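First the structure, in the form of structure tokens, and then the observations on it.
Number of protein chains: 4
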Amino acid sequence: MRELGIGLIGTGFMGRAHALAFNNARAVFELPVHLKLAALADADTERAQRCATAWGFAQAHGDWQALIDDPAVDVVAITTPNHLHFPMAMAAIAAGKAVYCEKPLAVSLEQADAMRQAARKAGVVTRVGYNYQHNPMIGLARQLIAEGDLGDIISFQGEFSEDFMADPASPWSWRCEVGHAGGALADLGSHLLAMARYLVGDVTGVCADTQTVHAQRPAVNGSAEQKAIAVDDQVHALLRFANGARGTVSSSWLKHGYKNHLSFEISGTKGTLAFDQERLNELRLCRAGQDGFQRLLAGPALPGYAAFSPAAGHQLGYNELKTLEVQELIMAVTGQGADGTDFEAAWEVERLATAIRVAAQEERWVNVNSL
Amino acid sequence: MRELGIGLIGTGFMGRAHALAFNNARAVFELPVHLKLAALADADTERAQRCATAWGFAQAHGDWQALIDDPAVDVVAITTPNHLHFPMAMAAIAAGKAVYCEKPLAVSLEQADAMRQAARKAGVVTRVGYNYQHNPMIGLARQLIAEGDLGDIISFQGEFSEDFMADPASPWSWRCEVGHAGGALADLGSHLLAMARYLVGDVTGVCADTQTVHAQRPAVNGSAEQKAIAVDDQVHALLRFANGARGTVSSSWLKHGYKNHLSFEISGTKGTLAFDQERLNELRLCRAGQDGFQRLLAGPALPGYAAFSPAAGHQLGYNELKTLEVQELIMAVTGQGADGTDFEAAWEVERLATAIRVAAQEERWVNVNSL
Amino acid sequence: MRELGIGLIGTGFMGRAHALAFNNARAVFELPVHLKLAALADADTERAQRCATAWGFAQAHGDWQALIDDPAVDVVAITTPNHLHFPMAMAAIAAGKAVYCEKPLAVSLEQADAMRQAARKAGVVTRVGYNYQHNPMIGLARQLIAEGDLGDIISFQGEFSEDFMADPASPWSWRCEVGHAGGALADLGSHLLAMARYLVGDVTGVCADTQTVHAQRPAVNGSAEQKAIAVDDQVHALLRFANGARGTVSSSWLKHGYKNHLSFEISGTKGTLAFDQERLNELRLCRAGQDGFQRLLAGPALPGYAAFSPAAGHQLGYNELKTLEVQELIMAVTGQGADGTDFEAAWEVERLATAIRVAAQEERWVNVNSL
Amino acid sequence: MRELGIGLIGTGFMGRAHALAFNNARAVFELPVHLKLAALADADTERAQRCATAWGFAQAHGDWQALIDDPAVDVVAITTPNHLHFPMAMAAIAAGKAVYCEKPLAVSLEQADAMRQAARKAGVVTRVGYNYQHNPMIGLARQLIAEGDLGDIISFQGEFSEDFMADPASPWSWRCEVGHAGGALADLGSHLLAMARYLVGDVTGVCADTQTVHAQRPAVNGSAEQKAIAVDDQVHALLRFANGARGTVSSSWLKHGYKNHLSFEISGTKGTLAFDQERLNELRLCRAGQDGFQRLLAGPALPGYAAFSPAAGHQLGYNELKTLEVQELIMAVTGQGADGTDFEAAWEVERLATAIRVAAQEERWVNVNSL
């Protein structure tokens, strides 16, 4: 069996999540290649070495370019801060390697555009970490829609809210920087927009409102020094989909009570479907003619679930969505049809987020395709 | 104790709901006047007589003007089809009587404007049947907001969806006529807009999308003859409140699974509050610093609830909201401060709905006060 | 139309609930008789008079025997403290009148037995106020079971818990007296036992545990004086039904968080059904072959609901269950087949509660029919 | 750092779950030893070899005794059918090795007793796979109870129901054999009993009912040949805890709608706590003085959660509970205080299940300590 070498850049939470996912994908799935954890890179060489040992990588690099150049590396996984996605992905593409980049694809639409163009030209496989889409329950939702179980889709109402910035004393961080793709829309909302597109399709028009509620925050935790904040704390938008469906999306990182509330309801002429990421193993469904919503609980009838458990109700966790994402990545890299988010699709998400930003600034409907 | 004569026009479902409410208000509340069910009117004199007997009205009229002219009538309650609200209310105002009119106030903004102006000029007390606001849990929500428990309100996300038109074979009815204040926005959405205003205050700007999904429907149930439908099946809108809060509202009568889903989440800098009319005795609340939402269940600490039951968890029903509305009406008529929806406030709701309609037609933000 | 005279004893919360129910039953239902609110009795004559006026009773009595003797009274409704049920009901039976008695039927099994024997001998119609059974959703549950939708019933797991005595500083009241049918089992549990019998049928064997957690309580609110408490704070029991089903019942008035948690799950070979009185307009149902529970929301397909509202999701409240109970009473009194709880059935409930008490005291299984 | 060699017997679903857990524990936790996946055994040598490669074990054995004798193995993990737990664990103990055995400990109380005695005598560390206890939310529940947040515990009401045998056409399997620890009580109920003991402590008395609803099942799927079934399909029991708390437990594998419904409510004098394994990242809590239940969602304030995710609401899955169990095992093996289920505790669970079986057979209360 052919070997596929994985090179991972970054050793933070997301780096570890990738490492776990690559390890587990090997054990859980019958992959068409042998995954080799070839190299791990971190600017801190010592840390790179320590994590490489703990996570099972053969090699450690203190320099990400060295990892990209490493001939043992076939796939470059990027888990660094957002502003580094662009140079790293471009270098990996230039080296002809497959790229698996965390979301958001880039910190500007121009970067994102350059990345997708480069990838297209180089013909390399790309994937972006919109891992929530790999939830088997989301797969089921997509299948129900595709097979017409909901009829014509007429409405998508989505929200992604959390509370981690709800306290005005929560300090400034890179997430508060425009240049790092900060703000509720970019940080949280992009997941929701990707989901809306994944399930309902292209969005053609948007109108929106964004708001910065807390105009300054402590420079660091507990500090009296305040930093001005330019990014949005919350966003509300109207969407028009290419297929005629309409909808709303909202995102906030100020909403008390929510921790991971990526939720949506999709209404069709033959049924309604509802999901909340805080209960990721559930889907609520009401078909035409039924009296009320039925709760569906993830089970082994869904292949992505069966890989982890033979029994319904045992529940998958966040990290397993990442393992499923890695499996899809491997299938794509080995040329087997798949439905992940590549750089083209991720650019579409960025373009949509940009359209929302423009619509809010200019207080008008924006044609997404005009950007 | 002074007597207050009630005259009720209409003997349909809503007429009976009013009759029950007047009867029960007498038994449940210590009112400052003696409520006398003076007269009931219906175009069908026999029916008027039969219902008057069953519901305890002293007199029956086959002509609504006669009821208005009846000296025993101090308060005119109007429960007829929407297009009759205007002439009846105008006649009652002209007769110097208090008016209790079902929602919507009128079938055009011009009518609504004329009605509020007439009422103001005549100095008569007016009330409009936005009965959901009289739910003690809504009262609690309003109080929590007013007392600053949620901090500054930053977002209102509301929806009022039902499924009673979801079947494309559901036939045409007056609810499908623009001239009868039909459509999801007018029929359902106005309740939601009234609620948004009641809880968060004036709305200054809107942008919106409305849609007719099923462009024709059977003329009558089962008929092959189709009638063209011009009213909206669903609406999605963005709101900007005078106090700086932003939000979304959606309304649909095509949404499978929902029967009375007037729901909202109100987010403030110090907490979040959530409500769903399908569980009208509950409120979910998360204050800053709490880990998650707490379910509050209606109980006798709320005066409106205590009137009906000394024990928490016994639950009020829809009809009791109507009884509470009647009590508020009586308090207003007898000059005791209250917070119901008068013609001014109802006109504001109509104006807001109109602004949404204009925003949808013209595909732009609309300044509500410009209408 | 024949007139039926109602005599009501008691003017407390439950007395008013009866008065409302009689009033509303007239307006809501097409009854085969004309209900006349003939007389109201309270030991406090002045109060009797005041309430009679407010609630629409023609006559007031300071003496309950006078009410029973009043020839205008055909049905005697008893809402007094539990220990008075026996003498009042026996007097009413002796006078050949129909009796509508609040639960529990009596304060001892001997009394209850004497009451059902007397009623049987006199041939009078009797009803006991197990109003929760009149919930249309409970009617639906009963129908689903009767029609075999759940297959053979194999398990009933029920609980009725509240928190109103959870605070050890909650003072002594008559509910803490054995001689007044106090304690969690008699006060709350009897509702649950009645429900179990109503839905699943006769119980033949029981084993149980009862407990007094707080052995003394303040004599009155805030008092330092303590009174010893002999009644149970909580009970847990095993049930064996005549049809082979098994089950558990629990009741507590110490359970923080619950206000009216009369809940149960009924499991059959073809489905499971779940109910919680804190959401009395809902039923959860999972049929064999379905993936998960479906939420059913009360609507006008159920006649008991349609009487109050033509639209699903509008919700009934506690007081409307009482109105439904009154309707069933009137149907029974006028000789039309019905399924309410008569003195025979109420005695069965008392016998079952007694069997649980004996089983707990003697720490053994008890054959219910042996008592 | 010292190396600790893991030997795993069994390559089924549970074998793989162990393999994943050992792999992930290395990556997720800072363990005091270096975990070495030393050897994997399966009677099918080829399969053993294939799985060893896929899962990262250094060595494969076709004979479990060889694995136990392998000097590279320090800890023997047993995931074979239940009747093999006894010989394998006894052999591992005899070899002086730590044992990590799946539940149930054994197929008879005698075996379980011999195993705990042998382990005690040999002084080896033992653990049994009651993995649900390692859920951080269960840890939180235990801590809340231990720290007195709920006051004195007065009631435990638990249920573990699933639907996987609900269809009478579901065929016979080893789970239907008494000699393989089959039946709802042994298969599901033991998890619940372990949980009750883990959270509330020793159980001293039980009374119970067990039932076989479907007395025969197809010998294999679709077969006309029927096999008689002797094990219980459902069980209901009363419990008395050493600390004075009382309770009920129920278990069924016939309950339509449930997939993994290990649920309980624990009532104390200062609060109530509720859990449902079908939503394993949640806990509902109502403290004295609060109006209603609050939903707690797992987050990084709990160390077991923080190991997997820095953000609340991301949710753990079943397999991660296994990883947490392995971590606890490693801590125990390396002499660091822990609270897992050792053979003593697992024998207590078996004894309690046996007491329930005796109580049901003899229709009487059974003193657990008398067995």
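Residue numbers (my numbering), protein chains in the order written: chain B, 3 to 373; chain X, 3 to 373; chain V, 3 to 373; chain U, 3 to 373.
Heads up, the beta-carbon is just placed ideally off N, CA and C, and yes, glycines get one too.
Quick caveat, the model's predicted, so the values are computed rather than measured.
* To do: For Pro312 (chain V), decide whether its Cβ has a neighbour in chain X, counting only Cβ atoms nearer than 7 Å.
  => yes
* Asked: Does the beta carbon of Arg52 (chain V) sit closer than 7 Å to a beta carbon anywhere in chain B?
  -> no
* Uninterrupted alpha helix (DSSP H) stretches inside the stretch 76-123 of chain U (no shorter than 4 residues) -> 87-96
* For the beta strand (DSSP E) containing Pro220 (chain B), list its first residue and its last residue. => 218-220
* Asked: Taking 7 Å as the CB-CB cut-off, is Leu37 (chain X) touching chain V?
  -> no
* Asked: For Ser265 (chain V), is the classification buried or exposed, using 16 other Cβ atoms within 10 angstroms of its Cβ as the cut-off for buried?
  -> buried
* Are the C-beta atoms of His316 (chain X) and some chain V residue less than 7 Å apart? -> yes
* Identify the residues that DSSP records as bridge partners of Gln159 (chain X): which are they? -> X:Thr250, X:Glu267
* **Which residues DSSP lists as bridging Ile8 (chain U), in chain order** => U:Leu39, U:Val77
* Asked: Closest to Arg297 (chain V) by CA distance: which of B:Ala50, B:Lys257, B:Arg286 is it?
  -> B:Arg286
* Where Arg366 (chain B) sits in the DSSP three-state scheme -> coil
* **With 16 other Cβ atoms within 10 Å as the buried cut-off, status of Glu352 (chain U)** => buried
* **Bridge-paired residues (DSSP) for Arg289 (chain V)** => V:Gly273
* Quick one, which of V:Cys209, V:Gln236, V:Val127 has its alpha-carbon nearest Leu240 (chain U)'s? -> V:Cys209
* **Delimiting residues of the beta strand (DSSP E) encompassing Ala230 (chain V)** => 228-230
* Out of curiosity, what's the CA-to-CA distance linking Ala43 (chain U) and Ala62 (chain U)? -> 6 Å
* Asked: Helix, strand or coil: how does DSSP classify Leu22 (chain V) here?
  -> helix
* Would you list, in chain order, the members of the stretch 207-236 of chain X that have their beta-carbon closer than 7 Å to a beta-carbon of chain B? => Cys209, Asp211, Gln213, Val215, Gln236
* To do: Take every Cβ of the stretch 79-90 of chain U, pair it with every Cβ of the stretch 101-120 of chain U, and state whether three or more of those distances are shorter than 8 Å.
  => yes
* Asked: What residues from the stretch 291-302 of chain B come within 9 Å of chain V, judged by C-beta to C-beta, listed N to C?
  -> Gln292, Asp293, Gly294, Phe295, Gln296, Arg297, Leu298, Leu299, Gly301
* Asked: Thinking C-beta only, is Ile155 (chain V) closer than 7 Å to Ala247 (chain V)?
  -> yes
* To do: Consult DSSP for Phe310 (chain B) and reduce its assignment to one of helix, strand or coil.
  => coil
* Any beta-carbon of chain V closer than 7 Å to the one on Gln279 (chain U)? -> no
* **Contact list for Ala21 (chain X) against chain V, beta-carbon separation under 8 Å** => Ala29
* **Per DSSP, the bridge partner or partners of Thr128 (chain U)** => U:Val101
* **Best match in X:Cys288, X:Leu190, X:His182 for proximity to Lys261 (chain X) [C-alpha to C-alpha]** => X:Leu190
* Between His193 (chain V) and chain U, is there a C-beta pair that is closer than 7 Å? -> no
* Asked: Taking the alpha helix (DSSP H) that Val202 (chain X) falls in, what are its first and last residues?
  -> 192-202
* Note the first and the last residue of the continuous beta strand (DSSP E) segment covering Asp211 (chain V). => 205-213
* Asked: Between Tyr320 (chain U) and chain B, is there a C-beta pair that is closer than 7 Å?
  -> yes
* Asked: Is there at least one Cβ from chain B nearer than 7 Å to Phe15 (chain U)'s Cβ?
  -> yes
* To do: Quick one: list the residues of chain X neighbouring Lys261 (chain V), beta-carbon separation under 7 Å, in chain order.
  => Leu299, Gly301, Ala314, Gly315
* To do: Compare the beta carbon distance of Arg199 (chain U) and Phe345 (chain U) with 7 Å and say whether it is the shorter of the two.
  => no
* To do: To the nearest angstrom, report how far apart Gly270 (chain B) and Ala232 (chain X) are at their CA atoms.
  => 20 Å
* **Leu331 (chain X) in three-state terms, based on DSSP** => helix
* At a cut of 8 Å, does the stretch 272-282 of chain B reach the stretch 164-176 of chain B through at least three beta carbon pairs? -> no
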